[in-house]
Amino acid sequence: PQFGKMLLVSARLGCSVEAMKVVALVSADNVFYAPRDKRDAANAARQKFVSRDGDHLTLLSVMREYMQLVSTKAGRKSRVAWSSQNFVNARSLAKAAEIYEQLQRHLEQLGLAV
C-alpha cells in the first residue's frame, strides 16, 4: 500500500498506533463537514480538534475521541450524536475505524509491535 513504509517504520519507532490511525483516516472519506447554514458552528466545533502541527494531527485528535467512544462501548446512536455535535462524518469515522483494525491485524501478522 501507499503508506506501507510509514507503517513499517512506525512499528520500529513505537508510534504504530498513531500511524495506523492517520493512514486509516486519510484512506477514508473526508471526516469534517460544514453545512452552509451552520458553517460558523462547524468551524467552532472543528477548532476543538485542530493542531497547529498540521492536518494529520488534527485528524488523529478526532480519531482518538471517536475510538474512545468505541472503546467505552457507546452505542451507535451515541457515536452518531457525538459526530453530529462535532460536525464529523460518522460513516467516514466508522470506515476509518474498520481500516485501522485491518491495519492492526496486518501488522500483528507480520510480527510487528502494535
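Take the position in the sequence shown, starting the count at 1, then add 170; the result is the number in the working numbering. Beta carbons are placed, not taken as given, at the ideal position from N, Cα and C, and that holds for glycine. This one's a predicted model, so the numbers in the text were calculated from it and none came from an experiment.
Asn256 burial status per 10 Å Cβ neighbour count (16 or more: buried): buried
Straight-line CA distance for Arg249 to Lys191? 17 Å
Apply the 10 Å Cβ neighbour rule to Glu242 and answer buried if 16 or more other Cβ atoms are within range, or exposed otherwise. What sits at residue 242 in the sequence shown is Thr, not Glu. Thr242 is exposed by the Cβ-count criterion.
Around the C-beta of Val179, are 16 or more other C-beta atoms found within 10 angstroms, so that it is buried, or is it exposed? exposed
Are there 16 or more other CB atoms within 10 angstroms of the CB of Ser254, so buried, or fewer, so exposed? exposed
Exposed unless 16 or more other CB atoms sit within 10 angstroms - verdict on Ser262: buried
Give me the residue from Ala267, Ala198, Leu177 and Arg209 with the minimum Cα distance to Glu235. Considering only alpha carbons, the answer is Ala267.
Residue ranges of each alpha helix (DSSP H) within the segment 194 to 223, 4 or longer: Counting only runs of 4 or more, we get 209 to 217.
In three-state terms, what does DSSP make of Val250? helix
Using the beta-carbon count (16 or more within 10 Å), is Ser186 buried or exposed? Buried, since its Cβ has 16 or more Cβ neighbours within 10 Å.
Alpha carbon of Gln279 to alpha carbon of Trp252, nearest angstrom: 33 Å
What are the start and end residues of the alpha helix (DSSP H) that includes Gln279? Ala260 to Gln279 is the extent of the alpha helix (DSSP H) around Gln279.
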